[in-house]
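Below: one structure, written as structure tokens.
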DNA sequence: GATCTATGTAGAT
DNA sequence: TCTACCTAGATCG
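Residue numbers (this note's numbering): 2 to 268.
Below, the structure is given as structure tokens:
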């Protein structure tokens, strides 16, 4: 679930369901200090990159990072007994939500929130994002574009799926050094990330394949990936590239699986 | 039922 | 570069 689009989608949902109301906040599992915000009015829910914030007031913001496994479930009333390890439960006027398995779930002061957000790069899903700041970092770097796109301090919210797919869509090999990416190419990549990630927020999954760009004669059609979307290369190791038919390559880079088409994305 | 894998990150080495 | 964290779905037998 969790690349940036998931968190923005959750923020939007939580804003609609819970903001403006006093909510009951508990930690059935006991590993989250829920009493600090229990019974208070949720003022606002927002996301920056893969981080979710529930703002209750000055120095009272719940910060959630889902990590690899974290999930929220959402239900209408009535409220039922917790099942399994529930880190945080939020009960609003009409609905309630359970959080399981997050990497982080904690109450932060405004200073701590500012420090955290200061460590995050621009987020393609935020209107206040400045893509030029990202380009400056990319253009000055000898690290590969594949590594830079995953560095949350450079650009926030991109994960392994969006990385693989956006590089494919621009014919860029993941190991291309950042300083080889020119401004026009970067602007196109950023615009594409905005498009893809906004679509992800809207539909709740990652779809990146443009059917009109597939060779009609081959009869190749995108298959739904296990993550629920339609993609060109992510987790398609050894399968024929949807555009040229070459087997999709895979390698491990900085402890993450990297996927690309050796022909459509030449080194 | 056991085992494997993952859309992530921090901290140790 | 490695390990721990911690959960669920897919896959294996």
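All C-beta atoms in this analysis are idealised placements derived from N, C-alpha and C, irrespective of residue type, glycine included.
Under the DSSP assignment, residue 132 falls outside any beta strand (DSSP E), being part of the alpha helix (DSSP H) whose first and last residues are 132-140. For residue 201 and residue 163, the gap between their C-alpha atoms comes out near 10 Å. Apart from sequence neighbours up to five positions away, the residues of its chain that approach residue 189 with a beta-carbon distance below 7 Å are 171, ordered along the chain. Taking a 10 Å sphere around the C-beta of residue 268, we find fewer than 16 other C-beta atoms and assign the residue as exposed.
Of the other Cβ atoms in all chains shown, fewer than 16 fall within 10 Å of the Cβ of residue 245; this residue is therefore exposed. 97 is the residue among 97, 47 and 101 whose C-alpha sits nearest the C-alpha of residue 76.
Under the three-state reduction of DSSP output, residue 53 falls in the strand class. Within the region 226-261, the beta strand (DSSP E) runs of at least 3 residues that lie entirely inside it are, in chain order, 250-254 and 257-261. Apart from sequence neighbours up to five positions away, the residues of its chain that approach residue 142 with a beta-carbon distance below 7 Å are 149, 179 and 180, ordered along the chain.
Contact check for residue 111 against residue 60 passes: the beta carbons are separated by less than 7 Å. No Cβ-Cβ contact shorter than 7 Å links residue 63 with residue 44. Here the region 84-104 does not lie against the region 127-143, with fewer than 3 beta-carbon pairs under 8 Å apart. Between residue 182 and residue 139, the C-beta spacing is below 7 Å.
Rounded to whole angstroms, the separation of the alpha carbons of residue 252 and residue 83 is 41 Å.
Taking residue 26 as the centre and dropping the five residues before and after it, the same chain places the C-beta of 35, 38, 39 and 91 closer than 6 Å to its C-beta, in chain order. Under DSSP, residue 98 forms a beta bridge with 75 and 91. Beta-carbon to beta-carbon, residue 240 and residue 232 are separated by about 11 Å, too far to satisfy the 8 Å threshold. Close CB contacts of residue 213 within its chain, under the 7 Å cut and outside five residues either way in sequence, are absent. Its chain contains 168, 169, 172, 173 and 174 as the residues whose beta carbon lies nearer than 7 Å to that of residue 266, once the 5 sequence neighbours on both sides are disregarded; these appear in chain order. Annotation for residue 159: 150 place their beta carbon closer than 6 Å to its own, counting only its chain and skipping 5 residues before and after. Pairing residue 147 with residue 263, the inter-Cα distance amounts to about 15 Å. 195 is the residue among 195, 184 and 144 whose C-alpha sits nearest the C-alpha of residue 157. DSSP links residue 107 through a beta bridge to 64. By the C-beta density criterion, residue 103 is buried, having at least 16 other C-beta atoms within 10 angstroms. Per DSSP, the unbroken beta strand (DSSP E) holding residue 26 starts and ends at 25-27.
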